[in-house]
Structures are given as C-alpha cells and as structure tokens.
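UniProt numbering puts the last residue of the sequence shown at 469; the count rises by one with no breaks. Just so you know, even glycine gets a beta-carbon here, dropped at the ideal spot from N, CA and C. Keep in mind the model is a prediction, meaning the values are calculated, not measured.
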Amino acid sequence: MRINGVFGRLLAANLAVLIFLSVFMSYIIHKSRHLNTLLEQVNSVELPVIERVDRLSGAVQKQAEFREKYVISGDVDFLERHRDYRSEALSLISALDGLISDIDKDRAFQELESAYSAFNAENERYIAARGRTAEVPSYAGVSQSLTKLRGLAAGKRKESLELSGVLAGQMRTASLVFVLSGGVLVVLLAFVNTKSIVSPIRKLRDSTHQVAKGVYPENIDSGGPVEISGLADDFRVMVERLRESDELRTEFIGNVSHELRTPLTSIREASTMLREDYFKADRDSSEKLLDIISTESDRMINSVNNILEITRLDIAQAVYEFEDADIGRIAEAAIQNTAPIAARRNISVISAIDASAKADREKLAVVFVNLIGNALKYSGEATTVRLSAERIGDRLRVCVADEGAGIAQEELGLIFERYRLGSNRSFEYKGSGLGLAICRKIIEKHGGRIWAESGQGQGSRFYFTLPLC
C-alpha cells in the first residue's frame, strides 16, 4: 500500500481527524483537571473549614452557657460539661489548623487562637472566683474571629464555584465548537478525498467513452491516487495497443485486399484469355497462363489459410496434442513442403537437427514451414538456409538461419506482431504478415519462446525453444 494512494489519503484524513480530536481532548482534560482541583478545594478545605467554624461557634457558646450554670448553681456536672465543650473547642481548633494553608485564613486563624486562649484564661479566673470578684468573660472576640474565618472560607468557596461554572461553560462551548467544526472537517475531508478519487475516475470514464466511439485520446492523464493513475497508465497502454491494432487492421485490410485482388485479377485475366483462345496455337503461352492461375491460386489459398489459422488460435479453438516428437523429421517434412520455392530460387535448405522434444507435430510443422518460408522470402538466390538445434538445460533450442539481407534492429521487436511485413522481403513472395504471429502463438502454447537475432546485411537467425522429453 503506497502512501500516495487511496490508503495514504484516507490515512491522512483519519490522522487529521485524530489530531483534531486529540487537541480537543487535551483541552477538555486540562479544563477538567482545573475544575476537579477547584471542586476538591471546595470539598476538602472550604466546606470542612465552614463546618468546623460553625461547630466551634456552638461549642464556645455552650462552654459559656455551662460556665454560667456552674457559677450560679455550683453543680459540678455543669463544670464537667463546660470542660467537655472546651475540649471539643480545642479539638476543632486543632482540626482547623490542619485545613488552613492560605495567608488570609492563616492570619484569621491566629487571631482566633489568641482570642480563644484569652477567653479560656478569663473563664478559669472567673470559675475560680465563682463569679464574685471577676468580670463575666465575653466570647465576642472569639465570635468575631470565627466570623472572619468563616467569611474567608465562604468567599473562597463562592469564588471556586463561580470559576467552576465558568470552566464548565467553557467546556460546553468547546464541545459545541468541536462538534460543529469536527462535522465541517469530516465533510470537507470526505469531499476532498471523494473528489480526488471520483474526479480521476470520471476523466478515465470519459476517455473510455471516447474509445468506445472509435476516438483514441492522445493524452490520458487522470491524476489522482497512485492506484487510479496506475489504472490510467494501463488504460493508456491499452488505447495505444488498440490504436496500433486499428492501424494494423487497416493496413492488413489493404494488404489482404491487394493480396486477394492481385491473384484474382491475374486468374480472371488468364482464364479469360484461355477461354477466348488468345493462345490457341501457342501451347507454351497457354501453359504459362495455367501456371499463373495455379501460382496465384496457391498464394490466395495460403493467405486465407493464415487468416483462418490466426483466428482459430485467437479464439482458443486449436487443440494441442503434445507427445515425444522427432523434431528432425518434422523439420525435414517442412523442408520438403517448401522445396519448390527453394528450387525456384536456387536456395539450399540444410537441416542438422537430431533431437526430440515435447511437441504437437502438426502445429510445430506450421512453425517450421513459416520460418523456412520466411527465410526463403528474405534470402537472395544461390544462398543457404540452415536448421540446427542444441540442448540448453531442460530445453531444446532450435535455430533457422538464412543468408539474406537481414532485419533492421528497429524491426526486430515488431516482426512477431500480426500484419507486420518485413521491409526486405522478396517482391516475388508476398504474405499477409501473419506467419510469425502464428509461430509465436504456437510456441508459447508449447511453453517456449521465440525470438530473432539479425543485423542489416548479416542474415537472420530465428530461435525458438521447446521442453525436452
């Protein structure tokens, strides 16, 4: 999976959404921690301070109340209750000391401690005198300190709760903004990704419509992800092949029309002349006309047979019967088949093949006939065509070599395409341009390959491989 393909684009979109979500979550987590800190401060400090201040205020009042009852009645139980409330008050003051951390409340607490200590000292003197000589102790200073401390705690609590409300509002606003902007981001990314995928496909579809109408676009560049651009490249190659095939078909129709028209015209003219007894008294001329009819008929039949053979191979109707075949005997039979052409041009065809391979005898004979026939077409008079074979690994490599004009390097890669006619063929022997295409199909069906080596003026060597027995 390439990063610049569909996967990469979807990954980038998902990463963008993930980053956006991460930023939002980081913001929410930060605000939540701040909110939790404030609420924890309220619950663990301010509320306990307020609660203990209220309890301390009650304890001080009860302490004063039971002090008066003791002084008036002299009942020791009242004195004990007075001392119990004093212990409770001291315990609450100690608890407050552990809760207070900020400067303002600490200052108020120090004032509370001082006021309460003074209040206790006065209480003790007052109790010892049984109220007769000392003034009645007042806890107004303690109450004032408690009120101040409670006010500070309540103010801090109110401030924290107000700030908590602000934070909660900010989080609600951020959530709303996140939902809206997230929706916009998702829609935007979906639009961009869809457009980047659909737009190239639409361009490619338009190109296919043009091809369907028989118009071959020159430049097929859909852009987009690598998968679609790769598809466009493959489609461009296909269009080039279609254009080339169309051109070759047009050329082939012209060639075949010429190939069939020429022999048919010759046959018609020769038969007309024979029917009208132009050369009634000249038997040699009549024989020549009959030779023309025979030669042109053979050429036309050969062209038609090649067309039928390549068509049959194209639609996979040909049935192959592979067996251990004597390649030398098949080559000799092909040499005999093409002997009239070789004799007419004084060309020697020599075979040194002595090997066997897995092959379909009939199909391989077609290959030899075509290759030898091609060698004869491209060779000059009084030359030699040689057939040889050698074992290479588990393959048999067969070679058909001629001493003709050779094939230009730029044509070597094209000669096995159908309808290709070599530029150096003999004018006397024309073909349909299907022979080598038929050879390639047959050899490929055998699991081998076929190729040519040549140079201008150096003759040609056609090779093909077959699996050994």
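Quick check on this structure: which residue in ALA95, LYS148, GLU68 and GLU113 has the alpha carbon closest to the alpha carbon of ARG125? GLU68
If distances are taken between C-alpha atoms only, which option among GLY457, THR250, VAL142 and ILE407 comes closest to VAL60? VAL142
Would you list, in sequence order, the uninterrupted alpha helix (DSSP H) runs of no fewer than 4 residues that lie entirely inside the segment 70-110? 76-99
Would you call the segment 5-25 in contact with the segment 170-185, where contact means no fewer than 3 C-beta pairs closer than 8 Å? yes
What residue does the alpha helix (DSSP H) around PRO467 start on, and which one ends it? That residue, PRO467, is in no alpha helix (DSSP H); its beta strand (DSSP E) goes 460-467.
According to DSSP, is ARG449 part of a helix, a strand, or is it coil? coil
For ILE29, which of ILE353, GLN170, GLU403 and ARG344 has the nearest alpha-carbon? GLN170
For ALA64, I'd like the list of residues in its chain whose CB is within less than 6 Å of its CB, leaving aside the five on either flank, ordered along the chain. TYR139
Taking all protein chains shown into account, do 16 or more other C-beta atoms lie within 10 angstroms of the C-beta of ASN36, making it buried, or fewer, making it exposed? exposed
Would you list the residues sitting across from CYS399 in a DSSP beta bridge? SER388 and TYR463
Alpha carbons only, please: which of VAL198, GLU227 and ARG243 is nearest the one belonging to ALA212? ARG243
Taking only three categories from DSSP, how would you classify SER22? helix
Quick check: what's the CA-CA separation for THR295 versus ILE301? 10 Å
Alpha carbon to alpha carbon, how far is VAL367 from SER297? 22 Å
Should the segment 406-416 be called in touch with the segment 355-371, which here means at least 3 C-beta pairs below 8 Å? no
Measuring CB to CB, does VAL239 end up less than 9 Å from ILE220? yes
For the candidate residues GLY447, LEU396 and ALA89, whose alpha-carbon lies nearest to that of TYR320? GLY447
Between the CA atoms of GLN110 and GLU51 - distance to the nearest angstrom: 18 Å
Going along the chain, which unbroken runs of the beta strand (DSSP E) with 3 or more residues stay wholly within the segment 156-204? none
Do you know whose CA, among VAL187, VAL226, PHE235 and ASN193, lies nearest GLN210's CA? PHE235
Report, in whole angstroms, the separation of the C-beta atoms of ILE327 and VAL215, which I expect to be a contact under 8 Å. Not really, about 48 Å apart at Cβ, beyond 8 Å.
CA-to-CA distance, GLU287 to ALA375, given in whole angstroms: 29 Å
Could you tell me whether any Cβ in chain B is nearer than 9 Å to the Cβ of ASP291? Absent from the structure: chain B. Only one protein chain is present.
In or out: GLN458 buried (at least 16 other Cβ within 10 Å) or exposed? exposed
Cα-Cα separation, TYR429 to LYS377: The predicted position of TYR429 is uncertain, since its pLDDT is 47 and thus under 50; a value taken from the coordinates is nonetheless stated next. Cα to Cα, TYR429 sits roughly 6 Å from LYS377.
Is the segment 114-121 touching the segment 41-50, taking contact as three or more C-beta pairs under 8 Å? no
Contact between the segment 163-178 and the segment 190-206 is defined here as three or more beta-carbon pairs at a separation below 8 Å; is this criterion met? no
Burial state of PHE427, where buried means 16 or more other Cβ atoms lie within 10 Å: Reliability fails at PHE427, whose pLDDT of 41 lies under 50, so the model's placement of it is uncertain and no value is given.
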